[in-house]
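Novice:
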Amino acid sequence: MDARRSDRRPGERIGPSTAAFFQAVIAARPHPEQGFRTCLGILSLTKSYSAERVDAACRRGILIKARSVASIRSILQNGLDRTFLDEPSEHQPLRHGNIRGWDYFH
Numbered sequence: 076m077d078a079r080r081s082d083r084r085p086g087e088r089i090g091p092s093t094a095a096f097f098q099a100v101i102a103a104r105p106h107p108e109q110g111f112r113t114c115l116g117i118l119s120l121t122k123s124y125s126a127e128r129v130d131a132a133c134r135r136g137i138l139i140k141a142r143s144v145a146s147i148r149s150i151l152q153n154g155l156d157r158t159f160l161d162e163p164s165e166h167q168p169l170r171h172g173n174i175r176g177w178d179y180f181h
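In this text, residue positions in the sequence shown follow my numbering: the first is 76, and each later residue adds one.
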């Protein structure tokens with residue numbers, strides 16, 4: 076059995092993003108064993124936060140290339156797990172006299 080695969084299994088119980096985060100943490104260390112403490116810290120966050128929130132925080136952590144428990148905890152504390160970076164904004168484009176529209180160019 077692949078050692079890296081078995082390291083992700085606890086993360087898979089939380090969610091797919093957590094499993095991917097665990098894999099990224101272990102791959103980022105020169106020795107996979109160095110990432111275990113970080114993975115254990117992420118698992119302990121499920122005592123204070125729901126599995127869905129921890130998984131969403133890990134998803135955001137992957138997108139911003141965070142690799143520490145402190146980063147994931149900060150995402151959770153600030154509610155950033157509830158916002159998604161890849162969703163399109165519902166805001167309309169700015170309208171201002173100094174901004175040229177599509178019809179300005181020939």
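All C-beta atoms in this analysis are idealised placements derived from N, C-alpha and C, irrespective of residue type, glycine included.
1) Helix, strand or coil for G116? Go by DSSP, reduced to three states.
2) Compare the C-alpha of S149 against each of A132, C114, P107 and A126 and name the closest.
3) Anyone know if the C-beta pair for R138 and V129 falls short of 9 Å?
4) Rounded to whole angstroms, what's the CA-CA distance from V234 to R135? Just pull it up for me.
5) Within the present structure, is the beta-carbon of T93 separated from the nearest heavy atom of the ligand FAD by less than 8 Å?
6) How many Å lie between S125 and V100 at the Cα?
7) How long is the line joining the alpha carbons of D77 and L155, rounded to whole angstroms?
Specialist: Short version:
1) As a working mapping, residue 116 is identified with position 41 in the sequence shown. The answer is helix: DSSP assigns G116 an H, G or I state.
2) Locating residue 149 in the sequence shown gives position 74, counting from the first residue. With distances taken between Cα atoms, S149 lies closest to A132.
3) Within the sequence shown, the letter at position 63 stands for residue 138. Within the sequence shown, the letter at position 54 stands for residue 129. Checking the displayed sequence, the identity of residue 138 turns out to be Leu instead of Arg. Taking 9 Å as the cut-off, the beta carbon of L138 is found no closer than this to the beta carbon of V129.
4) With the chain represented from 76 up to 181, any question about residue 234 goes unanswered, as that position is not in the structure.
5) Of ligands this structure carries none, so the ligand FAD is not represented either.
6) Taking the first residue of the sequence shown as position 1, residue 125 is located at position 50. Taking the first residue of the sequence shown as position 1, residue 100 is located at position 25. Between S125 and V100, the C-alpha separation is close to 21 Å.
7) On the sequence shown, position 2 is the one that residue 77 refers to. On the sequence shown, position 80 is the one that residue 155 refers to. Legend: pLDDT at D77 = 46, less than 50; position of this residue unreliable, value from coordinates given subsequently. When rounded, the distance between both Cα atoms is 33 Å.
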